[in-house]
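K.L.:
Under this note's numbering, the first residue of the sequence shown is numbered 2, with each subsequent residue one higher.
Ideal Cβ placement from N, Cα and C applies to all residues, glycine included.
Bear in mind that the values here come from a model prediction, so they are computed numbers and not experimental data.
Here it is, the structure in full.
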Amino acid sequence: MRLSLECSSLLLQFALLLVPTASIASGYVTGKVIDSKSKAPLPGANVQIMGTVRGASTDRNGNFTIEKVPPGTYSIRASMIGYRSVTLKNILVRDKQETKVFFELRETPIEFDPIVVLAGKTKQRLDQAAVSISVVSAKEIKRRNPTNLIEALETVPGINFIGNQINIRGSTGYTYGAGNKVLLLLDGVPVYASDTGEFNWDMLPPLDIKRIEVLKGAGSTLWGASALGGVVNVITKSPSPEGKLLFSCTAGKYDKPYYDEWRWTDPNRLHYVRTDISYSKQFGQLGMRISAGRFMSTGYTQLGDFKKYNLTGKFDYRFPDNIKWTGYAAYSFIYRGFFIQWKGQNDPYEVDEANLDNYAKTNQLSVYSKLAIPVSSRFAINVRASFVRTLMGNQFGEAAGFNPALGQGMEFQVDWLPHSGHTVTIGMQYQHDAGSTKYFGDHKGFFIGPYLQDEWKIRENLRVTAGFRYDRYQLIGGPKEDLFSPRIGINWQPWSTTSLRASAGSGFRAATIVERYLELAIMNFKIKANPGLKAESSWAYDLGFRHYVTENWNVDVSLFDNEYWELIEAHLDLIRGQIQFRNIPRARIRGIEATTNISMPIRILGLNMIPSLQASVTAMDHKDLKWNEPLTYRPKLLATIKALFRIGSAQIEVDYRYASKIDKVKIYPINDRVPMKFLDVRASYDFWHLTVQLGVNNLLQYNYAPMESNLMPMRTFTVGLQGEF
2 MRLSLECSSL LLQFALLLVP TASIASGYVT GKVIDSKSKA PLPGANVQIM
52 GTVRGASTDR NGNFTIEKVP PGTYSIRASM IGYRSVTLKN ILVRDKQETK
102 VFFELRETPI EFDPIVVLAG KTKQRLDQAA VSISVVSAKE IKRRNPTNLI
152 EALETVPGIN FIGNQINIRG STGYTYGAGN KVLLLLDGVP VYASDTGEFN
202 WDMLPPLDIK RIEVLKGAGS TLWGASALGG VVNVITKSPS PEGKLLFSCT
252 AGKYDKPYYD EWRWTDPNRL HYVRTDISYS KQFGQLGMRI SAGRFMSTGY
302 TQLGDFKKYN LTGKFDYRFP DNIKWTGYAA YSFIYRGFFI QWKGQNDPYE
352 VDEANLDNYA KTNQLSVYSK LAIPVSSRFA INVRASFVRT LMGNQFGEAA
402 GFNPALGQGM EFQVDWLPHS GHTVTIGMQY QHDAGSTKYF GDHKGFFIGP
452 YLQDEWKIRE NLRVTAGFRY DRYQLIGGPK EDLFSPRIGI NWQPWSTTSL
502 RASAGSGFRA ATIVERYLEL AIMNFKIKAN PGLKAESSWA YDLGFRHYVT
552 ENWNVDVSLF DNEYWELIEA HLDLIRGQIQ FRNIPRARIR GIEATTNISM
602 PIRILGLNMI PSLQASVTAM DHKDLKWNEP LTYRPKLLAT IKALFRIGSA
652 QIEVDYRYAS KIDKVKIYPI NDRVPMKFLD VRASYDFWHL TVQLGVNNLL
702 QYNYAPMESN LMPMRTFTVG LQGEF
């Protein structure tokens, strides 16, 4: 009888959450957000009532209104990319009355306390997260002026690329373009190709990006399959409250090779040009953002030339009761050559004449639709649907060998705040993938995964997070796999300037269709299928702290240990000339990562000067535990230094990237290898609504091959022009 009464009470509490909020006592909060220095309004700033799901964005005049707020005392936070967030405490909201608040945000060249969503699928400050996260802001992306997502991510602490494959703390290595151990999200929606598991790093123009969040370590508890070694979430800009036109034009010219003997063509003809344009505006309750881009290059090697086009659109509509729909579509077309291996060490930019027809084209369409329904101030429903279509054709001279790969997904998520400081996230995700080519046959698979996470603020300075997820993966006509992914984390702030964190979580990734079934002869090798591949799994342990030495200087240190089971790696049999994906029974990657950010605003002779520095080092020990050998294509040390000096409207930036020599590779293991040392410099000037930039990438003309027989670009001179109207 007692159990029955308790169940009835819980059902009654849940039912009350679904009662229309119009029948419940409530007030409303209005206010304005401005720049603390210029006093200009800040359109697009986010305002959140802490402990609830209520929030709003400011309009073109910096004003906002948050309706249907239950009476009570709240903390209200305002945040915006490029500014320090401000929290107002003890704000009293009364029934049927207006409460006015006012925010002044201070601009900062470095994001010291950004708001992130990767840690728990809900917004929280970075220093309150229980896991290691890095953030790349729109302001930093604009300064770096990248031509694609890879260039936007390459200076993030702990990240390095081998070819087009991303490694977070050494997670992926190099798998010849099939399968990534990092999950890429677009506004929280997976966007990998359903057959290969690869990403299109050119799917959207860089000027569309609001920020990029990087979760380091396993993230499958909330984000599901493929989040074995980390998660990258690319968050796009929302439609502007007022009409806004953005454009960006970048051109680069490759220098002559380091040695005259390496010249394969007239170096004066080697260049690239990228042009992007975007327009956004709010029309009443409907907002839209349309972007188009064109990226063309001769390349710096034979078969390095390409043509890339993309078109993106983001739309949102605000219904009554703060219900919001968001839709996004991105289409990209790529026609490019494939430089697989150089002709020889004396001809590193050329290929064998028999391979000069290695060209391919790719069409990709990514679409998502999201609906956010705030049922009450403590209960919200989010529904997401996604579709990714990837078509590859004319692969290495083989016509009509590929059919479209289709990925379709659905997700239902509920956010419930039983009381202030207690957030429960419950959801269900479904994904269906299909791929069909003459090289691996016709295959389909799906997974379904319910998940639950509970974040509890036990005290004002102590947060505990626990969650779990169950996934059933079924390859139709093939094996089925059941995977369980628990997670626990803690964040403790003993002092206002220091936060300590510890977390343990698991990740998994089922083998892609290509890894299991691909049969293809390419160059001098034959790729052999392995239908019996097992799903790989991991446990990630992270212990770290974040300390603010001063208001403008912080230090972050993490100790990490990533344990892997059945790690999928490409196995090369040089005697038979075969490549096959196989499981490594046990592997481990552990190490330490340290990052510091410092900014020192000063004023001399009436000029505002802002020198700033970001530096990081990641030291790793990676090992195949079965054979007690290093894992392939992974350095043991990564380091980055980003120095910025700003005087008024002018700024100079220097980036340095280092990666130690890779200990072990698959092909030509006895060949000499060197560490990576890249130095990039840029200078820019802001005037009117324009920014002009000059730069030199690989200033020291350093020759580096991250994988066998593939040199990175030589010194490159760049010029860019960006505008906002």
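1) Taking the C-alpha atoms as reference points, what is the distance between R604 and R212?
2) Could you please give me the residues that DSSP links to P612 through a beta bridge?
3) Please confirm whether E166 and T156 have their CB atoms less than 8 Å apart.
4) Which residue from R55, L519, S37 and D203 puts its Cα closest to that of S1?
5) Quick check: the Cα distance between S39 and F726, rounded to an integer number of angstroms?
6) One question on the structure: do R510 and S227 come within less than 8 Å of each other, judged by their Cβ atoms?
7) Considering Cα atoms alone, identify which of D322, Q475 and K535 is closest to I569.
8) Can you name the residues that DSSP bridges to A505?
9) Where DSSP assigns a beta bridge to A512, which residues make up the other side?
10) Please look up how many angstroms separate the CB atoms of R95 and P72, rounded, as I've assumed it's under 8 Å.
11) DSSP on T173, reduced to helix/strand/coil?
12) Which residues does DSSP list as the beta-bridge partners of I427?
13) Considering S221, what are the terminal residues of the beta strand (DSSP E) in which it resides?
14) Please report the distance separating the alpha-carbon of A330 from that of G294.
15) Can you tell me whether DSSP reads T59 as helix, strand or coil?
16) Under 8 Å by Cβ, that's how I've got A490 and V117 pegged, so tell me the actual separation to the nearest angstrom.
17) Are three or more beta carbon pairs between the region 584-595 and the region 98-106 nearer than 8 Å?
18) Measure the C-alpha to C-alpha separation of S710 and V192 and round it to an integer number of angstroms.
19) Using only alpha-carbon positions, find the residue among P44, V232, R547 and N311 that is nearest to A541.
20) Please determine if the region 484-503 and the region 520-531 are in contact, where contact requires at least 3 C-beta pairs separated by less than 8 Å.
21) Apply the 10 Å Cβ neighbour rule to W343 and answer buried if 16 or more other Cβ atoms are within range, or exposed otherwise.
22) Sort I427, A41 and G408 by Cα distance to W417 and report the nearest one.
23) Just to check my reading of the structure: L312 and Y332 have Cβ atoms closer than 8 Å, yes? What is that Cβ distance to the nearest angstrom?
24) DSSP three-state label for E727, please.
25) Please confirm if the region 540-556 is in contact with the region 501-516, defined as three or more CB-CB distances below 8 Å between the two stretches.
26) Helix or strand or just coil, what does DSSP make of P586?
27) Please classify S650 as buried or exposed, where buried requires at least 16 other C-beta atoms within 10 Å of its C-beta.
28) According to DSSP, K622 sits in a beta bridge with which residue or residues?
29) Would you be able to state if there are at least three C-beta pairs under 8 Å between the region 143-161 and the region 188-208?
30) Quick one: using the 10 Å Cβ neighbour count with 16 as the cut-off for buried, is A26 buried or exposed?
31) Rounded to the nearest angstrom, what separates L304 and A435 at their Cα positions?
32) My guess is that Y75 and T109 are in contact by the Cβ rule of under 8 Å, so how many angstroms apart are they, rounded?
33) DSSP beta-bridge partners for V215?
34) Quick one: give me the first and last residue of the beta strand (DSSP E) that E564 is part of.
35) For the region 281-296 and the region 314-326, state whether three or more C-beta atom pairs, one from each stretch, are separated by less than 8 Å.
36) Going by beta-carbon coordinates alone, are T424 and T123 separated by less than 8 Å?
P.N.:
According to the structure shown:
1) 29 Å
2) F646
3) Before going on, a small fix: residue 166 reads as Gln here, not Glu. The answer is no: Cβ separation not under 8 Å.
4) This structure cannot speak to residue 1, because the chain is shown only from 2 to 726.
5) 19 Å
6) yes
7) K535
8) I489 and Y542
9) Answer is none; A512 lacks a bridge partner.
10) 6 Å
11) coil
12) V415 and L453
13) It is not in any beta strand (DSSP E) - S221 instead sits in the alpha helix (DSSP H) that spans S221 to W224.
14) 14 Å
15) coil
16) The amino acid occupying residue 490 in the given sequence is Gly; Ala does not appear at that position. Going by Cβ atoms, the distance from G490 to V117 rounds to 14 Å, so no, they are not a contact pair.
17) no
18) 30 Å
19) V232
20) no
21) buried
22) I427
23) 5 Å
24) This structure cannot settle anything about residue 727, because the visible part of the chain is limited to 2 through 726.
25) yes
26) strand
27) exposed
28) Going by the sequence as given, residue 622 is Asp instead of Lys. Bridge partners of D622: R591.
29) yes
30) exposed
31) 30 Å
32) Not confirmed; about 25 Å, so no contact.
33) S135 and V233
34) W554 to D574
35) yes
36) yes
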